Amino acid sequence: MTTSSRRRSPRPLKSLLAAALLLPALAFAQERPWPDGSQLVISVSMQFETGGQPEGAESPFSGSPLPKGYPDLPAQTWFDYGYKEGLWRMLDLWDRTGIKVTSHVVGEAALKHPELAKAIAERGHEVAAHGIRWADSYNMNYAQEKQFIGDGVAAVEKITGQRSVGYNANWLRRSPNTLKVLQDLNFTYHIDDVSRDEPFVTRVRGRKFAVVPYTLRNNDIVLVEGRYFSAEQFYQQLVLEFDRLYAEGAEKRRMMSVSLHDRIGGTPAMVEAMERFIRYAQSHPKVSFMRKDRIAQIVLTEKDPLIDDSEAAYNH
């Protein structure tokens, strides 16, 4: 080896070393990185509805309704499972796995079962709004919808001490006025949107409002009750969704949403499936479970959020 070649050799080595040091950063060059460095954020919804359902609400028995005037007692017990067993089992699961979730609470459900509403808040979970009762609001005028949402917030706040900042309409069916109503009630986000796999900002009357997308794909009421998935199939759905979003998360911000309802997601098999999924997700580096209020604050306070004003016609 000549003297000149010996002098030149360190340069390629330095270049290779520099490239090697940059590889982790290049492999995780998200468009809008999560502030905690997560490659994927998972947000779990735990819907607290039992006690707020109207007469004749959809249940496994609603395909053959009883004649008017006859109470459907078995259907009532199906809903009662949510407060007697389901929510408590899920709360214990979150404790075991160390995650925090968002619970959208129907106001009348909290009034009937205040001990459950308190337990959700006391265990560190977000208490979000779901209206005063299990009813449609898409056909309400502005004043009616404001009272409907506001009464639910007040009821839950009186019991838990938490004032809700996030909202979920019945079956996502909000009205053209909903976001303006939420803004006037000092909410910061809603979830009635399934258009993206990441949170974003929309503008309501020219001001930023966060959207933390919900899910129909990873939703127990859609898959288990609606399509008769087994708990094992639900687990496989979550794993497949996780694997794809986790891979995409190396290059862009990704969020995975999971939705569970008190009387469905709280059954033994479904809780077993969820625990297996949570452990699977936690075995991967750079995976976080976040409450939706925290996710909303991230997109509302960052310098360059994803902005989507596709509903601008309704938000003036």
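Mature numbering (1 follows the signal peptide of the UniProt record, and there is no 0) puts the sequence shown at residues -29 to -1, 1 to 287.
Backbone N, C-alpha and C define an ideal beta-carbon position, used for all residues, glycine too.
Everything numeric in this text was worked out from a predicted model, so none of it was measured.
Within 10 angstroms of its Cβ, does residue i collect 16 or more other Cβ (buried), or is it exposed?
| i | result |
| --- | --- |
| residue 203 | exposed |
| residue 284 | exposed |
| residue 244 | buried |
| residue 7 | exposed |
| residue 296 | Look at the range of the chain in this structure, -29 to 287, and you will see that residue 296 is not part of it. |
| residue 145 | buried |
| residue 267 | buried |
| residue 263 | buried |
| residue 114 | exposed |
| residue 275 | exposed |
Give a yes or no on whether the C-beta atoms belonging to residue i and residue j are separated by under 8 Å.
| i | j | result |
| --- | --- | --- |
| residue 260 | residue 71 | yes |
| residue 286 | residue 176 | yes |
| residue 81 | residue 127 | yes |
| residue 73 | residue 93 | no |
| residue 220 | residue 57 | no |
| residue 138 | residue 99 | yes |
| residue 246 | residue 68 | yes |
| residue 269 | residue 171 | no |
| residue 174 | residue 280 | yes |
| residue 76 | residue 101 | yes |
| residue 248 | residue 217 | no |
| residue 121 | residue 156 | yes |
Compute the beta-carbon to beta-carbon distance between residue i and residue j, rounded to the nearest angstrom, for a pair I have assumed lies under 8 Å.
| i | j | result |
| --- | --- | --- |
| residue 231 | residue 18 | 7 Å |
| residue 4 | residue 224 | 7 Å |
| residue 208 | residue 180 | Actually they do not touch by this definition, with Cβ atoms about 30 Å apart. |
Note the first and the last residue of the continuous beta strand (DSSP E) segment covering residue i.
| i | result |
| --- | --- |
| residue 106 | Note, residue 106: premise wrong, no beta strand (DSSP E); not H, not E. |
| residue 67 | Note, residue 67: premise wrong, no beta strand (DSSP E); alpha helix (DSSP H) at 58 to 68. |
| residue 73 | 73 to 76 |
| residue 231 | 226 to 232 |
| residue 268 | Unbroken run through residue 268 is the alpha helix (DSSP H), 263 to 272; no beta strand (DSSP E). |
Ordered along the chain, which non-local residues of its own chain (more than five positions away) have a Cβ less than 7 Å from that of residue i?
| i | result |
| --- | --- |
| residue 294 | Outside the displayed range of the chain (-29 to 287) lies residue 294, so it cannot be described from this structure. |
| residue 240 | 202 |
| residue 116 | 108, 146, 148, 149 and 152 |
| residue 61 | 17, 231, 236, 237 and 242 |
| residue 64 | 242, 245 and 246 |
For the alpha helix (DSSP H) containing residue i, name the first residue and the last one.
| i | result |
| --- | --- |
| residue 144 | From DSSP, residue 144 is part of no alpha helix (DSSP H); its letter is neither H nor E. |
| residue 215 | 202 to 219 |
| residue 88 | 85 to 93 |
| residue 136 | From DSSP, residue 136 is part of no alpha helix (DSSP H); its letter is neither H nor E. |
| residue 50 | 44 to 52 |
Using a Cβ-Cβ cut-off of 6 Å (strictly less than) and excluding sequence neighbours within five positions of residue i, which residues of its own chain qualify?
| i | result |
| --- | --- |
| residue 52 | 234 |
Can you list, in chain order, the residues of its chain with a C-beta nearer than 8 Å to that of residue i? Leave out the 5 residues immediately preceding and following it.
| i | result |
| --- | --- |
| residue 106 | 25, 119 and 141 |
| residue 66 | 94 |
Can you check whether the C-beta of residue i is within less than 8 Å of a C-beta belonging to chain D?
| i | result |
| --- | --- |
| residue 165 | Considering every chain present, this structure includes no chain D. It has just one protein chain. |
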